[in-house]
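The opening residue of the sequence shown carries number 220 in the numbering used here; numbering runs sequentially from there.
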Amino acid sequence: MKKIPFICFITIFMLLLCSCSSTTNGSDLNNHVISYNMTLYEDSMLYEVPNSLGEPVLCCYSIDSGKSAVMCGLPECTHMSETSPNCSALMDTNTYYRCGYNIMGDKLYYIAVQNFSEKSMGSVDLIECDIDGKNKRTAASLANTNLPFIIDVQYLDNYVLITYFQNFDVEENENIGENEFVYLDKYRFYIKRMEISTGKVETLVYREEYDGKGSGTVYNNILYYNYMYRTEAPTGEMLTPETATPLHGGFYIRNLSTGEEKEYKDMTVFGVVLGHFSPDRMIAQDRKNGKLCLFDNETEKFINIADYDYGSYTEDEKDALFTQNSKTNFLTRFNFESGELSQMPYSENSGIYPSLAHTVGNTVWLMMSDSEGDLRHAYIAREDFFAGKFDNLIFIKEIDLR
């Protein structure tokens, strides 16, 4: 029998675990959902765990095998910088944090936020490498971008859409000759598009207001995005519903070819960050009137579906599932095809919240507490989840590197 070198075995094992790399197109939003440093596919997930030094280590879990593996091909690697500084599953030393992982073809992509220093003002880099973390290159970069708060990362064909805001900058203090943090009066909000093949960067949205934040996506060269802000400067005190100044803004649709933009005030569309966006089934929260609404493309109006008061929400390409408020005893299900509403019993004691559930194909991934109260990743068949059969969920076996 021909022996397989250890390094080849590890690479093959990771390819089998991360079967999404060969069976799906990682640039199709319906085939994956990115949630910060976790990426979900129908049959597997990428996630980080801390080692004994507290360093994040990239891992992959496979539903088919029920196992996890560290995304590193080095033999006898400890996955710690002190003893294995070349571990490809660890962050580079000049990286502040990583997020937005995705596998496309035989390559792994992610966003690396680089530290600022005396020589560099920091950057946000799109990294391309082999699946085992080797042969890294910077495919695109947002130069002079200091420690942004990244809201969303999306892979759209040959592009990566990154949404973030900044509430401070780094400037040189002329008196001491060193860089220092300078807090901004108004947040700087961006939606930028990076082209993977050329490294070209476009700014699709730039806005600067108090507490300005949002989210969005691009579909057939149309930009759909939410943006909310305040018109008064924050006082520094903790905000309550009684003391907070009103939120302004809403939902925006912009034709990227013509530049024409339409605003829908006081509306927030949910699906632009859930990975299943389609313009013919946009559901939004009417913040002013406390309603959940469906957008009608033909009339360009929102149609009321149900009362909604900041409940929990998720959706996929077939159904939306939500709690109408924090005190409800039911989950409400809205079917996009039939337009019908149905209800199922629900209890907060179950530890299941729609806003922490993401559907990819026939799999629903969740973040929830186990019997010992620890927050863990779990999954359940889509059919069981939308039928309320939560007893059939399975907690994944995460790697323990501590």
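Every residue gets a Cβ at the ideal spot worked out from N, C-alpha and C, and that includes glycine.
Three-way DSSP call (helix, strand, coil) for P564 in this model
Against the sequence shown, residue 564 aligns to sequence position 345. Strand at P564.
According to DSSP, is S263 part of a helix, a strand, or is it coil?
As a first step, residue 263 is located in the sequence shown; it is residue number 44 there, counting from the start. Three-state result, S263: strand.
Could you give the first and the last residue of the continuous beta strand (DSSP E) run that contains F408?
Along the sequence shown, one-based indexing puts residue 408 at 189. Note, F408: beta strand (DSSP E), E397 to E414.
Output yes if chain B places a C-beta closer than 8 angstroms to the C-beta of E461; else output no.
Judged by its chain identifiers, the structure shown contains no chain B, having just a single protein chain.
Report the residue from D619, E617, E602 and V583 whose alpha carbon sits nearest the alpha carbon of D262.
Numbered from 1 along the sequence shown, position 43 holds the residue referred to as residue 262. Nearest of D619, E617, E602 and V583 to D262, Cα basis: V583.
Exposed or buried, what is F605 when buried is set at 16 or more other beta-carbons lying within 10 Å of its beta-carbon?
Here residue 605 refers to the residue found at position 386 when the sequence shown is read from its first residue. With 16 or more other Cβ atoms within 10 Å, it is buried.
Cβ contact (3+ pairs, closer than 8 angstroms) linking the region 588-595 and the region 545-559
The region 588-595 vs the region 545-559: no contact.
Quick one, are the C-beta atoms of M486 and F541 less than 8 angstroms apart?
As a working mapping, residue 486 is identified with position 267 in the sequence shown. As a working mapping, residue 541 is identified with position 322 in the sequence shown. Taking 8 angstroms as the cut-off, the beta carbon of M486 is found no closer than this to the beta carbon of F541.
Does K411 pass the burial test, meaning 16 or more other C-beta atoms within 10 Å, or should it be called exposed?
Against the sequence shown, residue 411 aligns to sequence position 192. The residue is buried, with at least 16 neighbouring Cβ atoms inside 10 Å.
Pair within 8 angstroms by beta-carbon distance, R622 and N256
An answer regarding residue 622 cannot be provided, because it is not within the stretch 220 to 621 covered by the chain.
When you compare only the Cα positions, how much space is there between V579 and N523?
In the sequence shown, residue 579 corresponds to position 360, counting from 1. In the sequence shown, residue 523 corresponds to position 304, counting from 1. Going by the C-alpha atoms only, they are around 27 angstroms apart.
Counting only the same chain and skipping the five closest in sequence on each side, list residues whose C-beta sits under 8 angstroms from that of T551.
Taking the first residue of the sequence shown as position 1, residue 551 is located at position 332. Excluding positions up to five away in sequence, the list reads A525, L540, F541, T542, Q543, L560, S561 and Q562.
Closer than 8 angstroms is the cut-off here; do at least three beta carbon pairs connect the region 263-283 with the region 605-621?
With the cut-off at 8 angstroms, the region 263-283 and the region 605-621 touch.
Contacting residues, own chain, Cβ-Cβ under 6 angstroms from A331 (five flanking each side not counted):
Stepping through the sequence shown from its first residue, residue 331 is reached at position 112. Taken in chain order, the residues that qualify are T314, R317, D344 and I346.
Within 10 Å of its beta-carbon, does K616 have 16 or more other beta-carbons around it, so buried, or fewer, so exposed?
Your numbering for residue 616 matches position 397 in the sequence shown. It is exposed - the Cβ of K616 has fewer than 16 other Cβ atoms within 10 Å.
Going by the beta-carbon positions, is the gap between L694 and Y527 smaller than 8 angstroms?
Residue numbering for the chain in the displayed model covers 220 to 621; residue 694 lies beyond these limits and cannot be assessed.
Determine, using beta carbons only, whether G292 and K355 come nearer to each other than 8 angstroms.
Working through the sequence shown from its first residue, we reach residue 292 at position 73. Working through the sequence shown from its first residue, we reach residue 355 at position 136. The answer is no: Cβ separation not under 8 angstroms.
Does the structure place the region 470-489 close enough to the region 436-454 that three or more beta carbon pairs sit under 8 angstroms?
At 8 angstroms Cβ cutoff, the stretches touch.
Within 10 Å of its beta-carbon, does I226 have 16 or more other beta-carbons around it, so buried, or fewer, so exposed?
For the purposes of this step, residue 226 is identified with residue 7 of the sequence shown, where counting begins at 1. Its pLDDT being 36, under 50, I226 is placed unreliably in this model, and the coordinates cannot settle the point.
Which same chain residues end up closer than 8 angstroms to E451 when comparing Cβ atoms and leaving out the 5 residues on each side of it in sequence?
On the sequence shown, residue 451 is found 232 positions in, with the first residue counted as 1. Y429 and T464, listed in sequence order.
Would you mind reading off the limits of the alpha helix (DSSP H) that contains R601?
As a first step, residue 601 is located in the sequence shown; it is residue number 382 there, counting from the start. For R601, the enclosing alpha helix (DSSP H) covers residues R601 to F605.
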